[in-house]
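Engineer: Each protein sequence line maps, in turn, to chains A and B. Using this note's numbering, you'd call the opening residue of the first sequence number 434 and step up by one each time. Using this note's numbering, you'd call the opening residue of the second sequence number 6 and step up by one each time. This is the structure I have questions about; it appears just below.
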Amino acid sequence: MFEVLAAYIFPLLILAVAFFSGNVIASRHEKRLSERQQTVAHIRTTDLNRFFKPDHSIQANLCTAEVTLGIDHFRGFLGSLKNIFGGQIRSYQKTLDRARREALMQVIEQAHMTGYNAVANLRLEFVDISGKANMVKRASMVTIIAYGTAYTTHAPLNEEEQRSISPLPAAIG
Amino acid sequence: MIVVNTDSLPGYEISHSLGIVQGNVVRAKHVGRDIAASFKNIVGGELKGYTELLTDARRDAMARMLAQATELGADAVINVRFSTSAITQGAAELYVYGTAVKLATSTTRAAVEGTPPPISVT
Chain A
434 MFEVLAAYIF
444 PLLILAVAFF
454 SGNVIASRHE
464 KRLSERQQTV
474 AHIRTTDLNR
484 FFKPDHSIQA
494 NLCTAEVTLG
504 IDHFRGFLGS
514 LKNIFGGQIR
524 SYQKTLDRAR
534 REALMQVIEQ
544 AHMTGYNAVA
554 NLRLEFVDIS
564 GKANMVKRAS
574 MVTIIAYGTA
584 YTTHAPLNEE
594 EQRSISPLPA
604 AIG
Chain B
6 MIVVNTDSLP
16 GYEISHSLGI
26 VQGNVVRAKH
36 VGRDIAASFK
46 NIVGGELKGY
56 TELLTDARRD
66 AMARMLAQAT
76 ELGADAVINV
86 RFSTSAITQG
96 AAELYVYGTA
106 VKLATSTTRA
116 AVEGTPPPIS
126 VT
């Protein structure tokens, strides 16, 4: 009896828990990201290596952020199934997407909190801290470093311009 | 020390380059963090232990780069880039590099006297 329990029920239970908690954590995170987006919506962001109408009296400064997100066991399991046949692994894409949004958001928030209103030359870097062993195991994690140069701009901001340069889409499908 | 990842600076002109400065750190995760993270990994979400690890690594690498720049007598480090590599399981290298430069106050777009000192990168 216990053998059956250990062999089938526990893994299923873990998958079920991972499925629900993973969903809750992901949707909560996305909701929070959208809320935080509102407070920094006025920050001009670009990945171009140039300043738009900078205020020359205010020193520019580097802002960095890093974030590590785990891919829950259910999505890891789905991913490993998908790996057999190939094709898009949507659950991984979403996690990566969230990690990038979070890292970018932290950079922009840092710029906002230190009194700047624009970030230039945003860069995103993927870090592999899991090492090779995790490539074999199904559950994994993603780590992103984001960085950019915060500065103060005098460029006018209208809604349309802001929408066209914002790297953070309001909703991700 | 001004640190930016762009190749110019508002309010200043770059008078000359002092060459590349760099800093690297190899950090290993410790077992305690691994265990905590593996539990958190079941349900997904942020793995704070690893984020902190990376923050520390980045700080150390930056400090090394800035020490080099200070030694050269630089005013700023521009075009800073981060690069990483996985060495073995559980250890990662964080490498940061940039160009140390001497600054001259721009004649046409001078930074105003009494510019606040650079905010230290946290």
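Note that the Cβ used here is the ideal one computed from N, Cα and C, for glycine as well.
Of the choices A41/B, A81/B and V48/B, whose alpha-carbon is the least far from that of G24/B?
Structural biologist: Stepping through the second sequence from its first residue, residue 24/B is reached at position 19. When each option's Cα is compared against that of G24/B, the closest is A81/B.
Engineer: Closest to G509/A by CA distance: which of F485/A, T528/A, T501/A and T576/A is it?
Structural biologist: Taking the first sequence and counting its residues from 1, the one referred to as residue 509/A is at position 76. The option with the nearest alpha carbon to G509/A is T528/A.
Engineer: Using the beta-carbon of each residue, which ones in chain A are nearer than 8 Å to T11/B?
Structural biologist: Sequence index remark: in the second sequence, residue 11/B carries index 6 (1-based). In chain order: N482, R483, F484, A493, A553, N554 and T582.
Engineer: Between the Cα of D561/A and the Cα atoms of M574/A, T479/A, A551/A and K515/A, which residue gives the shortest distance?
Structural biologist: As a first step, residue 561/A must be located in the first sequence, where it is residue number 128. Selected option, being the one with the closest Cα: M574/A.
Engineer: Starting from V560/A and walking both ways along the beta strand (DSSP E), at which residues does that stretch end?
Structural biologist: Position 127 of the first sequence, counted from the start, is the residue given in the question as residue 560/A. From DSSP, the beta strand (DSSP E) with V560/A extends over A551 to V560.
Engineer: With H, G and I counted as helix, E and B as strand and the rest as coil, what does DSSP make of I40/B?
Structural biologist: As a working mapping, residue 40/B is identified with position 35 in the second sequence. Helix.
Engineer: Note down, in chain order, all residues in the segment 446-475 of chain A with a beta-carbon under 8 Å from any beta-carbon belonging to chain B.
Structural biologist: Result list: I447, V450, A451, S454, G455, I458, A459 and H462.
Engineer: Considering Cα atoms alone, identify which of L466/A, V437/A, F435/A and V450/A is closest to L537/A.
Structural biologist: The residue labelled residue 537/A in the question sits at position 104 within the first sequence. If we check each option's Cα against that of L537/A, L466/A comes out closest.
Engineer: With 8 Å as the threshold, decide whether the Cβ of R571/A is near any Cβ in chain B.
Structural biologist: In the first sequence, the residue the question calls residue 571/A occupies position 138. At R571/A, the pLDDT of 47 sits below 50, so the modelled position is not reliable; the number obtained from the coordinates is stated separately. Not an interface residue.
Engineer: Can you check the segment 36-107 of chain B for any beta strand (DSSP E) of at least 3 residues that lies completely inside it and give the ranges in chain order?
Structural biologist: Qualifying beta strand (DSSP E) stretches, in chain order: 81-93.
Engineer: According to the Cβ coordinates, are L499/A and T89/B closer than 8 Å?
Structural biologist: Counting from 1 along the first sequence, the entry for residue 499/A is found at position 66. Counting from 1 along the second sequence, the entry for residue 89/B is found at position 84. At residue 499/A the sequence reads Glu, which differs from the Leu that was named. Going by C-beta atoms, E499/A is not nearer than 8 Å to T89/B.
Engineer: Give the range of the alpha helix (DSSP H) segment to which N29/B is assigned.
Structural biologist: For the purposes of this step, residue 29/B is taken as residue 24 along the second sequence, with counting starting at 1. Looking at the DSSP string, N29/B is not in any alpha helix (DSSP H); the run it does join, the beta strand (DSSP E), is Y17 to A33.
Engineer: With 16 other CB atoms within 10 Å as the buried threshold, where does L481/A fall?
Structural biologist: Here residue 481/A refers to the residue found at position 48 when the first sequence is read from its first residue. L481/A should be labelled exposed.
Engineer: In this structure, does DSSP put T501/A in helix, strand or coil?
Structural biologist: For this step, residue 501/A is matched to residue 68 along the first sequence. T501/A falls in the strand class under three-state DSSP.
Engineer: Using C-beta distances below 8 Å, list every residue in its chain close to G555/A, excluding the 5 sequence neighbours before and after it, in chain order.
Structural biologist: Position 122 of the first sequence holds residue 555/A. Sequence check: residue 555/A is Leu here, not Gly. Cβ neighbours of L555/A beyond the five flanking positions: T478, T479, D480, L537, V540, A579, Y580, G581 and P600.
Engineer: Would you mind reading off the limits of the alpha helix (DSSP H) that contains T528/A?
Structural biologist: Within the first sequence, the letter at position 95 stands for residue 528/A. Run containing T528/A: R523 to M546, per the alpha helix (DSSP H) assignment.
Engineer: In chain order, what residues of the same chain have a beta carbon less than 8 Å from the beta carbon of N29/B, not counting five sequence neighbours either side?
Structural biologist: Here residue 29/B refers to the residue found at position 24 of the second sequence. Taken in chain order, the residues that qualify are A66, R69, E98, L99, Y100 and V101.
Engineer: Along the segment 520-544 of chain A, where does the CB come closer than 7 Å to a CB of chain B? Name the residues.
Structural biologist: So nothing in the stretch comes that close.
Engineer: So, at 8 Å on beta carbons, what are the nonlocal neighbours of V106/B in its own chain, with the 5 sequence-adjacent residues on each side left out?
Structural biologist: On the second sequence, residue 106/B is found 101 positions in, with the first residue counted as 1. Hits under 8 Å: I19, S20, H21, S22, L23, A79, D80, A81, V82 and I83.
Engineer: Please classify K565/A: does DSSP put it in a helix, a strand, or coil?
Structural biologist: The residue you call residue 565/A lines up with position 132 of the first sequence. Any reading at K565/A must be qualified, since the residue scores a pLDDT of 49, below 50, and its modelled position is unreliable; the value itself is stated next. In the structure shown, K565/A sits in coil (DSSP, three-state: anything other than H, G, I, E or B).
Engineer: Out of S454/A, D530/A and D488/A, which one is the CA nearest neighbour of Y17/B?
Structural biologist: Taking the second sequence and counting its residues from 1, the one referred to as residue 17/B is at position 12. It is D488/A whose Cα lies nearest to the Cα of Y17/B.
Engineer: Is any non-hydrogen atom of the ligand SAH found closer than 7 Å to the C-beta of I442/A, if you look at the structure I gave you?
Structural biologist: With respect to the ligand SAH, the structure shown offers nothing to examine, as it has no ligands at all.
Engineer: Once you ignore the five residues that flank L108/B on each side, which residues in its own chain have a CB closer than 8 Å to its CB?
Structural biologist: Within the second sequence, residue 108/B is the residue found at index 103, counting from 1. Cβ neighbours of L108/B beyond the five flanking positions: I7, L14, Y17, E18, I19, S20, D80 and A81.
Engineer: I'd like to know if A109/B contacts chain A, where contact means its C-beta is closer than 8 Å to some C-beta of that chain.
Structural biologist: The count along the second sequence starts at 1 and reaches residue 109/B at position 104. Closer than 8 Å: no.
Engineer: Which of helix, strand or coil does DSSP assign to R477/A?
Structural biologist: Taking the first sequence and counting its residues from 1, one reaches residue 477/A at position 44. Correct three-state label for R477/A: strand.
Engineer: Excluding the 5 residues preceding and the 5 following V557/A in the sequence, name in chain order all residues of the same chain whose CB lies nearer than 8 Å to its CB.
Structural biologist: Numbered from 1 along the first sequence, position 124 holds the residue referred to as residue 557/A. It should be pointed out that residue 557/A corresponds to Leu in this sequence rather than to Val. Answer for L557/A: R533, A536, L537, I577, I578 and A579, listed in chain order.
Engineer: With H, G and I counted as helix, E and B as strand and the rest as coil, what does DSSP make of V9/B?
Structural biologist: In the second sequence, counting from the first residue as 1, residue 9/B sits at position 4. Note: V9/B maps to coil in three-state DSSP.
Engineer: Find the residues of chain B that neighbour M574/A, judging by a C-beta separation of less than 8 Å, and give them in chain order.
Structural biologist: Counted from its first residue, the first sequence places residue 574/A at position 141. What M574/A touches in chain B: A42, N46, L52 and Y55.
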